[in-house]
Amino acid sequence: MANFPHEWRTSNILRMRLTPTLVNQNWGWYQTGNLDFSGHLGIGSPAPNPPLTYLHIYSGFTGVTPGYRPWMRVGTYATQDSDGLYIGMRPINGLTHSILSWSDDFTANQGQGPDPMCFVFTSQPDNTTVANTFAGLEIARMLPAANGNEGYLGIGDYFTAGLNPTQRLDVLDGFARIRQLPTDPISTSTDMVVVRADGVLEHRPMPTTGLADCDWSTDPGPQNNVSTAFGAVDPNCPDANDAVGIGLNLGGALATSKMTIASTNFARGLDVTASNANGFVIGGRFSALGTSNSGTRGIQVFSNGAGAGAVGRAADFISNDNSFYTNGVHAETFGGTFQAAAVYGWCHSTATNNIGLYGRVDATTATSWAGYFQGNVHVQGNITASGTVTWSDESIKTDVQEITDPMEIIRQLRPTTYQFLTDQNPYMNLPLGLQRGFIAQEVENVMPDVVHDIHIAPVLDQETNEVMADAQVIKGINYTAIIPVVVAGMQEQDAKVAVLEAQLAEAQTTNATLNDQVQHLTDRLDAMDQNIASCCAIHSDQRSTSGEELIDEKLNGANDRLLHIAPNPFETQTTIYYQLEQGGRMQLMANSADGKQLRVLHEANMEQGSYQFNWNTADLALGIYYVTLLLDGKPITKKAVKMM
11 MANFPHEWRT SNILRMRLTP TLVNQNWGWY QTGNLDFSGH LGIGSPAPNP
61 PLTYLHIYSG FTGVTPGYRP WMRVGTYATQ DSDGLYIGMR PINGLTHSIL
111 SWSDDFTANQ GQGPDPMCFV FTSQPDNTTV ANTFAGLEIA RMLPAANGNE
161 GYLGIGDYFT AGLNPTQRLD VLDGFARIRQ LPTDPISTST DMVVVRADGV
211 LEHRPMPTTG LADCDWSTDP GPQNNVSTAF GAVDPNCPDA NDAVGIGLNL
261 GGALATSKMT IASTNFARGL DVTASNANGF VIGGRFSALG TSNSGTRGIQ
311 VFSNGAGAGA VGRAADFISN DNSFYTNGVH AETFGGTFQA AAVYGWCHST
361 ATNNIGLYGR VDATTATSWA GYFQGNVHVQ GNITASGTVT WSDESIKTDV
411 QEITDPMEII RQLRPTTYQF LTDQNPYMNL PLGLQRGFIA QEVENVMPDV
461 VHDIHIAPVL DQETNEVMAD AQVIKGINYT AIIPVVVAGM QEQDAKVAVL
511 EAQLAEAQTT NATLNDQVQH LTDRLDAMDQ NIASCCAIHS DQRSTSGEEL
561 IDEKLNGAND RLLHIAPNPF ETQTTIYYQL EQGGRMQLMA NSADGKQLRV
611 LHEANMEQGS YQFNWNTADL ALGIYYVTLL LDGKPITKKA VKMM
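In terms of this note's numbering, the sequence shown opens at residue 11 and continues consecutively.
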């Protein structure tokens, strides 16, 4: 047979629909493709399309019913506007629960929900009783809280009273009865249940006597506890809102403390001794449960010593026992939303020496410290110390490697001087004056492991919670980690200096040898000069040319007029005379005796003419050198000899 719906209409309006086989459907928020609407019957004006349960009674809502859940199938579902009521079955974990569920889209109509579930009894409408009124008699009401996370059950006619339940179980009026009490052993608790002025039940300690009013009295029992607030004669009884004065009259005074103690002849305002052989012993326990924004303090101690030269302490904590752990002050902090400090020190004094936190230890053992911190320490200000020691033991290290190319790292660092922006950062306690160091962002590019992010907490006014300075993340440098790089660089330079010193010593030895050779050549030239002079005197031309001039003429010939050095030999300076027969690109170069180029003395485009160049030779070792004149690629060479 064909798979078609069955529909019933009146006045051309669809009044009822029986769905065909409709599997693997989607609807509203549930686009999973696994909903089954087969065989559902919808009744309404018009009928729902599709009916969401086996019987769906519907009234004129064209949108999505937000309270629908896919497990609502085997039951009756009544919907009107965005609200719904489901009575049926719910399969869960192999079981089947019977469900009464109601729903409301109160998030879309703030101030108009959530809607309650009401249990109402009605009778003939003759207005003779509440049940006979148009609204009927409401027996009970269930109401979800506006946060959607809890609900309240009220018993009573909340409709007539115009109220809603506000507690988990809220009885509007009448009495509550327990017909059968438990048969368990009698409780030894001394608490009782009392009713507050607003009707809420609370636990309160049970009085042990039947005294008539709120006077202090001693329990006649074996405990001998002193108690107050036994009776109900005083209109303010129990005295939770009344104060106690010891040593003074609080009558007519506006007391600011539950207990006020005035003492003039005693050295101690309050002396408490707690002694218990078993369990944890506490001499005094204080709890402050504040709800205002003005702050909460568990203990506030004020000391005002009038004697000059005396020691004034707001609090004195002394621990003198044989405990395994002994603490003069033990502070722990739990909770907090902005800042939590187990110990907070703030010195407002204008004395000669002002210290926010002071620690001192008299013991001299290796494990005695005036301050001991397990964790990071943040200081906004200078640290002064007579010495510092950093952990560096081999036993706590791994992957130890030599530092390579330290000079390459050092070359990339830029030492700077600078001043801090103290006016723009008043809460950071930055030092004044000239500073020396590096820029963290620059160092991070070279040595990222020595640069760290430092988180600066925001600063709030402790009275108003006003933000005085925003949180910041700045960069800092571990300067100690740079020291090994500097040491490695110095060691590398020291090794190079040793090599250069050895080379210098070798060069000095070589220079001494060359000097001896030059002196030997000079002596030979002098002897040759004398021999040539004697020889030439015999000839008919009687020339007086010296041996050196003959050698120069032999070596240089016609080039002497183009390039000439005088004096030659020389010591620390000589002059090079040269002539250009034509203009062009000229170079004047100095070479060693083995032909290696030492330096270019002069280079330029020159016109035809005669020129000279003063040559400072103070940095040259003793020896033989050559000066070369290049003109358009044509060299002219002249030997130069340096003497002591």
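Beta carbons are placed, not taken as given, at the ideal position from N, Cα and C, and that holds for glycine.
{"Check": "Cut-off 6 angstroms between Cβ atoms - residues of its own chain near A88, not counting five sequence neighbours on either side", "Outcome": "I67, L95"}
{"Check": "Of the residues A631, V353, L611, the one placed nearest N624, counting alpha carbons only", "Outcome": "L611"}
{"Check": "Per-residue burial, D459 [other beta carbons within 10 Å of its own, 16 or more giving buried]", "Outcome": "exposed"}
{"Check": "Proximity to G605 [Cα-Cα], best of P124, Y636, R571, V477", "Outcome": "Y636"}
{"Check": "Inter-residue Cα distance where the pair is V353 and A341", "Outcome": "7 angstroms"}
{"Check": "C-alpha distance - V205 paired with L182, whole-angstrom precision", "Outcome": "14 angstroms"}
{"Check": "Simplified DSSP state of N525, which is helix, strand or coil", "Outcome": "helix"}
{"Check": "Reference G594; option with closest CA among A614, T398, V311", "Outcome": "A614"}
{"Check": "For T343 and R79, the rounded distance between their alpha carbons", "Outcome": "46 angstroms"}
{"Check": "Own chain, CB closer than 8 angstroms to V483, minus 5 neighbours either side, in chain order", "Outcome": "D463, I464, H465, I466"}
{"Check": "When F131, N157, T193, D201 are compared against F169, the one with the closest alpha-carbon", "Outcome": "F131"}
{"Check": "For H213 and T283, the rounded distance between their alpha carbons", "Outcome": "29 angstroms"}
{"Check": "Continuous alpha helix (DSSP H) stretch holding I420: start and end", "Outcome": "416 to 422"}
{"Check": "Span separating the alpha-carbon of A329 from that of G397", "Outcome": "Checking the sequence, you will find Ser at residue 329 rather than Ala. Taking the straight line from one Cα to the other gives about 31 angstroms."}
{"Check": "Own chain, CB closer than 6 angstroms to K644, minus 5 neighbours either side, in chain order", "Outcome": "none"}
{"Check": "Which of helix, strand or coil DSSP assigns to Y382", "Outcome": "coil"}
{"Check": "Status (buried if at least 16 other CB within 10 Å, exposed otherwise) for T426", "Outcome": "exposed"}
{"Check": "Residues of its chain near A481, where Cβ-Cβ distance is below 8 angstroms and the 5 sequence neighbours each way are ignored", "Outcome": "H465, I466, A467, P468"}
{"Check": "C-alpha distance - G499 paired with I419, whole-angstrom precision", "Outcome": "9 angstroms"}
{"Check": "Three-way DSSP call (helix, strand, coil) for L510 in this model", "Outcome": "helix"}
{"Check": "Beta-carbon proximity of R27 to G52, cut-off 7 angstroms", "Outcome": "yes"}
{"Check": "Which residues DSSP lists as bridging K407, in chain order", "Outcome": "Looking at the DSSP assignment, K407 forms no beta bridge with any residue, so it has no partner."}
{"Check": "Collapsed DSSP secondary structure at H388 in the structure displayed", "Outcome": "coil"}
{"Check": "Uninterrupted beta strand (DSSP E) stretches inside the segment 435 to 464 (no shorter than 3 residues)", "Outcome": "445 to 447"}
{"Check": "Residue span of the beta strand (DSSP E) that contains T426, given as start and end", "Outcome": "426 to 428"}
{"Check": "Among P192, M616, P154, the one whose alpha carbon lies nearest that of N174", "Outcome": "P154"}
{"Check": "One or two residues paired with Q583 in a DSSP bridge", "Outcome": "N626"}
{"Check": "Opposing strand residues paired with M599 [DSSP bridges]", "Outcome": "V610, T638"}
{"Check": "Length of the line joining the Cα atoms of E558 and Q501", "Outcome": "The predicted position of E558 is uncertain, since its pLDDT is 46 and thus under 50; no value can be drawn from it."}
{"Check": "Which residues DSSP lists as bridging A12, in chain order", "Outcome": "Partner(s): none; A12 has no beta bridge."}
{"Check": "Assigned exposure category for I102 - 16 Cβ within 10 Å defines buried", "Outcome": "exposed"}
{"Check": "Distance CB(R370)-CB(A380) smaller than 7 angstroms", "Outcome": "yes"}
{"Check": "Buried/exposed call for N22, threshold 16 Cβ in 10 Å", "Outcome": "exposed"}
{"Check": "Beta-carbon proximity check, P126 vs R151, cutoff 7 angstroms", "Outcome": "yes"}
{"Check": "Backbone secondary structure at Q190 - three-state DSSP", "Outcome": "coil"}
{"Check": "Heavy atom of the ligand GDP within 6 angstroms of S285 beta-carbon", "Outcome": "You won't find the ligand GDP in this model; it holds no ligand whatsoever."}
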